[in-house]
Each structure stands twice: as C-alpha cells, then as structure tokens.
Amino acid sequence: MSDTVLAIVAGKSITEADVDAFIARLPQQQQGYAANPAFRAQALQQIIDTALFELKAIEDKLEETEEFQTVLESVKADLLARMAMTKTINSVDVTEEEKKEFYEANKEQFTTQATVSARHILTDEEEACKKAAAEIAAGERTVEEAAKAYSTCPSSAQGGDLGPFGRGQMVGEFEQAAFDGELNTVIGPVKTQFGYHLIYVYDKTEEGVRPYEEVEAQVDQMALTKKQQDAFEAVTSELAKKYDVKVKNMK
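Residue numbers (this note's numbering): 1174 to 1424.
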C-alpha cells in the first residue's frame, strides 16, 4: 500500500492506503473496480465527506449526547463480542488424524453416483431406427456416422454423444436401457415420449466412495467447520452457566 497523500482535511492526511482500505471494506462485487481511476476518486471523496461530517459532529458536540453514548455502547459491545467469537474460532485447528476420522464417519457425504456415457440415435419412426441399427451391424456406418445421418436430436452434430449422465437425468425407458445394457453394444430400438432410440454405451462408472486423497481439501474444510462449531457451542454453554443465563418463554 502507498503512503502517497491524496488529500488533507484539517491537517490530517488521506493516503492511497486509506483509499485501498476503504475499497477493501466494500462488497466483493464493487471491489472489482479498485483499479478504475473514477471509482477511486469517488472513494476518496466519500472518505473526505466522512471526515468533514465527523468534524461537524464534534463542532455540534454530538458525542456528548445521550443518543451517541447509547450507540457507542452498542457498537462497543458488538465489536467486543465479535472479537471474542473470532478468537474462539481461530484457536481451532484439525489434525490429520481428525480429518481421517471425520472422513470415515461421514463417507456418505463423499459418494459418487453411478453414471453411464453413451451415444444415441433418435428417430421419429421405428423403421428408420431399425434401418440405422442394421447399417451399424453390417459395418456400413459407425454409430457416430449413423447418428449424423439419422438422428433428429441436436446431439447428432457430436455423433450422438450425450457424455456421462446419472440416474434421474433421462426419461425412464432410456435410463433403464442405458444402465442395464452391455458396454459397446447397440441397444434398441427403445421407445420413449420423444421417439425411437438406439443407445450405445461406451463407459460405465459404479457408485462408490471417493478416495480420501481425492477429497482431502473438502474434508479439511468440513472437519474444521464442524470442530469450530463444536468449540463455539461449548464456550457458549460454559459462559451461559458462568453468568447464570435464564431465558423466559416468549409468548
């Protein structure tokens, strides 16, 4: 950060660093304009305006008012509470052993669903579908070539390739045929609400648990969050007993 002075208000300097700090406190979407000269000029003006109104408040003796003292106490209480919360949370860390224990206890959160990767050919008439199947079986066309020649699906431009998909992403008849069918075999015609399909499954992955090494970063964050939450609740409970908290039923 730069200590270059951009303005002086009542003898107090406002620097590049002050503008940077002001922008850093803005919402994330606004911080993207940090390098824009016009945006920085606007930020500087807001800092100047704030400084001027602070001086006016001092002139008007607003800090001596009951309203100011009430707000000040509220802000002070909130700030101290947030600092104590942050200290509690930041004191927590997780060991490698704790991460692995979390992984073993929560494997259901790291599962992968079964998928198939397939090409298909969609036609309006069953005869056209059968004709495409016959040409593929006779070696006259590949599945990709037949898709480009016969399929009415936009995927025909990619040789009928649908890529990988899981359960629940396709209509029932198509899904069942794809998941039950053998690899590298033309399946069909399969009738759905869209017409008649030939399906060619070229890859399958079974449902399973992702290895620890693959999800370690995710486990680290989840385990840390859980431990921080536990620590926060433990300290809250301890303080509630220490300071004899009593909560009345709200009606």
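Glycine included, every Cβ here is placed at the ideal spot set by N, Cα and C.
Among the options, which has the Cα closest to the Cα of residue i?
i, options, result
"THR1223", "LYS1185, MET1258, TYR1206 and LEU1245", "LYS1185"
"VAL1267", "ASP1393, SER1328, PHE1195 and GLN1342", "ASP1393"
"ALA1208", "PHE1226, PHE1275, GLU1189 and ILE1221", "GLU1189"
"ALA1257", "LYS1421, VAL1418, VAL1408 and LYS1414", "VAL1408"
"GLN1366", "VAL1344, GLU1387, GLU1246 and GLN1349", "VAL1344"
"ASP1385", "GLN1342, ALA1351 and PHE1275", "The residue asked about is misnamed: residue 1385 is Tyr in this sequence, not Asp. Of the candidates GLN1342, ALA1351 and PHE1275, the one whose C-alpha sits nearest the C-alpha of TYR1385 is PHE1275."
"PRO1327", "THR1358, ALA1278, LEU1295 and GLU1237", "LEU1295"
"GLU1387", "PRO1200, LYS1419 and LYS1280", "LYS1280"
"LEU1412", "LYS1304, GLN1204, GLU1277 and ALA1254", "ALA1254"
"LYS1273", "ASP1233, SER1410, GLU1389 and LYS1414", "GLU1389"
Could you tell me whether the Cβ atoms of residue i and residue j are closer together than 8 Å?
i, j, result
"ALA1291", "ILE1196", "no"
"ILE1221", "VAL1178", "no"
"GLY1381", "ALA1306", "no"
"GLU1318", "TYR1369", "no"
"THR1378", "ALA1287", "yes"
"VAL1289", "VAL1374", "yes"
"GLN1401", "VAL1265", "yes"
"ALA1301", "ARG1314", "no"
Write down the C-beta distance between residue i and residue j rounded to the nearest angstrom, noting that I regard them as a contact closer than 8 Å.
i, j, result
"ALA1396", "THR1261", "Actually they do not touch by this definition, with Cβ atoms about 17 Å apart."
"SER1324", "GLY1333", "6 Å"
"LYS1293", "LEU1356", "The residue you asked about is not Lys; residue 1293 is His in the sequence shown. That pair is no contact at about 15 Å."
"LEU1217", "ALA1180", "6 Å"
"PHE1283", "ARG1383", "5 Å"
"ALA1350", "VAL1359", "The Cβ separation is near 11 Å, so there is no contact."
"ALA1230", "GLU1239", "No, ALA1230 and GLU1239 are not in contact; Cβ-Cβ is about 15 Å, not under 8 Å."
"ARG1340", "GLU1348", "6 Å"
Which class does residue i belong to by DSSP, given the choice of helix, strand or coil?
i, result
"ASP1334", "strand"
"ASP1403", "helix"
"VAL1363", "strand"
"LEU1295", "strand"
"GLY1345", "helix"
"TYR1276", "helix"
"LYS1414", "helix"
"ASP1353", "helix"
"ASP1393", "helix"
"VAL1408", "helix"
"THR1177", "coil"
"SER1329", "helix"
"VAL1265", "coil"
"VAL1182", "strand"
"THR1315", "coil"
"VAL1420", "coil"
"THR1288", "strand"
"THR1378", "strand"
Q) In chain order, which alpha helix (DSSP H) runs of at least 4 residues are fully inside the segment 1189 to 1259? A) Runs found: 1189 to 1197, 1201 to 1204 and 1210 to 1232.
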